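Here is the structure we will look at, set down as structure tokens.
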Amino acid sequence: GDSVTQMEGPVTLSEEAFLTINCTYTATGYPSLFWYVQYPGEGLQLLLKATKADDKGSNKGFEATYRKETTSFHLEKGSVQVSDSAVYFCALRGQGGTASKLTFGTGTRLQVTL
Amino acid sequence: EAQVTQNPRYLITVTGKKLTVTCSQNMNHEYMSWYRQDPGLGLRQIYYSMNVEVTDKGDVPEGYKVSRKEKRNFPLILESPSPNQTSLYFCASSFGGGNNQPQHFGDGTRLSIL
């Protein structure tokens, strides 16, 4: 079945540091890929998405490129801020019957310090 | 404002006492779903609905029921709650069941079953 693997956290960075959170997936066909962010005490918010190979999703300075050859969708940001501290989830929505759900990774907690 | 609204946000109850968590969306979305979030496991799908009167099981449906009598509402019912259903629950909706449709999430309901 479909699965998503993301790097273990927590990730602790200083403000203005470069961020990478790795995400790889297993799925048949051509899934759509998403990054969601969960701030403390809140629900999940869509951060960005990519629906086909080589697409780059971007939002609020975050970027991720859909790489089918490496089955990856790594999240990057050039300069993080304290306000980016949150839990980040990589997810996929498969094709056919598996489009009925999002398959999530376990989440990566990011803590940004001054 | 487009949103998914869950109630209650927090609930502490006892084993065996039936409870219902409501979910309502104002975006005229066809697809709705329930997930539970547990530490180290990410989010897992409980049930989903592709449209009114159409529901199906997700990955962890045991101990839960749902109904979809109206397009906007998708309540989650725990007929006889048990401690292993203590979790953080999220309702989500999307425009359709296609894999390129991002799901929009509510703020979550934290259930504690004693």
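The listed protein sequences correspond, in order, to chains A and B.
Using my numbering, the first residue of the first sequence is number 932, and each one after it goes up by one.
Using my numbering, the first residue of the second sequence is number 3, and each one after it goes up by one.
Quick reminder that beta carbons are idealized off the backbone N, C-alpha and C, glycines included.
In this text, all values refer to a predicted model and were calculated from it rather than measured experimentally.
Among all the DSSP beta bridges, which residues are the ones paired with residue i?
i: A:ALA958; result: A:ALA958 is not bridged to any residue.
i: B:GLN39; result: B:LEU45 and B:LEU90
i: B:MET34; result: B:SER51 and B:SER95
i: B:ASP58; result: B:TYR50
i: A:GLN976; result: A:VAL968
i: B:ASN9; result: B:THR24
i: A:SER945; result: A:THR1044
With a 10 Å radius around its C-beta and 16 neighbouring C-beta atoms as the bar for buried, classify residue i as buried or exposed.
i: B:ALA4; result: exposed
i: A:PRO971; result: exposed
i: A:GLY974; result: buried
i: B:ILE38; result: Here the sequence assigns Arg to residue 38 of chain B, which means Ile is not the residue at that position. B:ARG38 is buried by the Cβ-count criterion.
i: B:PHE76; result: buried
i: A:ALA958; result: buried
i: A:THR951; result: exposed
i: A:GLY1009; result: exposed
i: B:PRO104; result: buried
Express the C-alpha separation of residue j and residue i in angstroms, rounding to a whole number.
i: A:THR1037; j: A:LEU978; result: 16 Å
i: B:PRO83; j: B:GLY18; result: 5 Å
i: B:LYS53; j: A:THR1034; result: Reading off the sequence, residue 53 of chain B comes out as Asn, not Lys. Their Cα atoms are separated by approximately 20 Å.
i: A:MET945; j: B:LEU116; result: Position check: residue 945 of chain A holds Ser in this sequence, whereas Met was assumed. Taking the straight line joining both Cα atoms gives about 41 Å.
i: B:PHE92; j: B:PHE107; result: 7 Å
i: B:SER95; j: A:GLY1027; result: 18 Å
i: B:HIS31; j: B:PHE97; result: 4 Å
i: B:ASN28; j: B:LYS73; result: 9 Å
i: B:PRO41; j: A:THR1039; result: 11 Å
i: A:GLN976; j: A:LYS991; result: 12 Å
I'd like to know if residue i contacts chain A, where contact means its C-beta is closer than 7 Å to some C-beta of that chain.
i: B:ASN28; result: no
i: B:GLY60; result: yes
i: B:ASN101; result: yes
i: B:GLN105; result: yes
i: B:LEU90; result: no
i: B:LEU45; result: yes
i: B:GLY108; result: yes
i: B:SER50; result: In the sequence as presented, Ser is not what sits at residue 50 of chain B; that position holds Tyr. So, interface residue.
Are any of the Cβ atoms in chain B nearer than 7 Å to that of residue i?
i: A:GLY1037; result: Checking the displayed sequence, the identity of residue 1037 of chain A turns out to be Thr instead of Gly. Interface residue, yes.
i: A:GLY940; result: no
i: A:THR996; result: no
i: A:SER1003; result: no
i: A:GLN1026; result: yes
i: A:GLU947; result: no
i: A:GLU1000; result: no
i: A:GLY1009; result: no
i: A:LYS987; result: no
i: A:LYS1032; result: yes
Keeping to the same chain, check which residues put their C-beta closer than 6 Å to that of residue i; ignore five residues upstream and five downstream.
i: A:SER963; result: THR982 and ARG1024
i: B:GLY110; result: LEU90 and PHE92
i: A:ASN953; result: MET938 and HIS1005
i: B:ASN86; result: none
i: B:MET34; result: SER51, PHE76 and SER95
i: A:THR1002; result: THR955 and TYR956
i: A:PHE965; result: LYS980 and ALA1022
Please list, in chain order, all residues of the same chain as residue i whose beta carbon is under 8 Å from its beta carbon, the five residues on each side excluded.
i: B:THR57; result: TYR49, TYR50, SER51, VAL68, SER69 and ARG70
i: B:LYS20; result: ILE79, LEU80, GLU81, SER82 and PRO83
i: B:LEU45; result: TYR37, ARG38, GLN39 and PHE92
Whose C-beta lies closer than 7 Å to the C-beta of residue i among residues of the same chain, with five residues either side of it excluded?
i: A:ALA1017; result: VAL968, GLN969, TYR970 and LEU1041
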